[in-house]
Each structure stands twice: as structure tokens, then as C-alpha cells.
Amino acid sequence: MAEYTSTPGVSSHNAALMHTLQRHRDILQDYTHEFHKTQSNFFSLREREDLLGSVHRDIESYKSSSGVNNRKTELFLKEHEHLRNSDSLIDNAISIAMATKENITFQRGMLKSIQTRVTTLANRFPTINSLIQKINLRKRRDSLILGGVIGVCTILLLLYTFH
């Protein structure tokens, strides 16, 4: 084609042919580029499959060669993992219990200090002391009434369940 276009006298009348030739060269270049790209993708995919296949074969050969021993090892590893998980759960429960104990001890100290302050105020002011005594009396009376109601309800519940 290049020889045909290089002859004198043909170049003026075949501008369309030159354009077509250039277009075909561009298309060929695009197809060649696409072919090389697809070929490199194919080779990389094949290498990856070969590598993964060899890894899978190695794993399968290891599993088949060790057999029963591998099963025992897996069981021991699972048991070890369960023990480690249990140990971490116990550690978490102990840390929560220790934090709760510290919090309750702190609250006990606060309530103790409040009680001593109220006692000193009651001793200092006799009207407050009598008011506190009345409050304690009502509190005892309310707790006795509540205990009686709970006792009667329990007896009625037991009578109902056994009859």
C-alpha cells in the first residue's frame, strides 16, 4: 500500500485513500495495544492461579500427610482458644467486680460521713434531733406495715398454690 501511495500522480487523486489508510493504521494500533493488554492480564491471571493452586496443593498435601495427628492438633488448638477466651472473660468479670467494689466502698464512706454530719447536727440542735426521731419512728412503722403486707401476701399465695 505504501508503494502505491508513493508513486507520483496518484497522491493528488487518492486523498481519500490516504485517509482510509491512516484510519486503518490507527485501528490496527488500537487493536495491537488492546491485544497486548489482554495478553498481559491473561498471563498475570494464569500466574496467580498457578501460585494459588500450588498453595492449595501444599495445604492439601499437609492435611493428607498428617491425618489423625492434624485432627488432634486442631482439637488442641480449638480447646486452647476456648480456654483463652474463657480466661479473658473471667479477667473482664473480675475487673468489673473490682470496680464495683471500689465504687460501693466509696459510696459507703460518703454515706458514713453524711450520717456523722447529720448526727452532729442532731446533737447540736434539739429540734432537729426530735424531727429525726420522728422520721425514724415513721420509717420503722412503715417497714413493719410493709413486712406485714408482704407476709400476708406470701401466706395467701402459698394457700392458693397448694389448694
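Positions 15 to 177 (the working numbering) are the ones given, in order, by the sequence shown.
Glycine included, each C-beta is placed from N, C-alpha and C at the ideal position.
Being a predicted model, the structure only gives us computed values, none of them experimental.
**Asked** Contact check, residue 136 vs residue 142 under 8 Å by CB: the rounded distance?
**Response** 5 Å
**Asked** For residue 28, does the three-state DSSP call read helix, strand or coil?
**Response** coil
**Asked** Straight-line CA distance for residue 144 to residue 161?
**Response** 26 Å
**Request:** Could you please give the first and the last residue of the uninterrupted alpha helix (DSSP H) stretch that includes residue 176?
**Result:** 140-176
**Request:** Verify whether the separation of the beta carbon atoms of residue 118 and residue 132 is less than 9 Å.
**Result:** no
**Message:** Between residue 128 and the ligand ZN, is there a pair consisting of the residue's CB and a ligand heavy atom that are separated by less than 8 Å?
**Reply:** No copy of the ligand ZN appears in this structure; indeed no ligand is present at all.
**Request:** Work out the CA separation of residue 65 and residue 51 for me, nearest whole Å.
**Result:** 21 Å
**Message:** Measuring straight from C-alpha to C-alpha, what distance separates residue 153 and residue 140?
**Reply:** 20 Å
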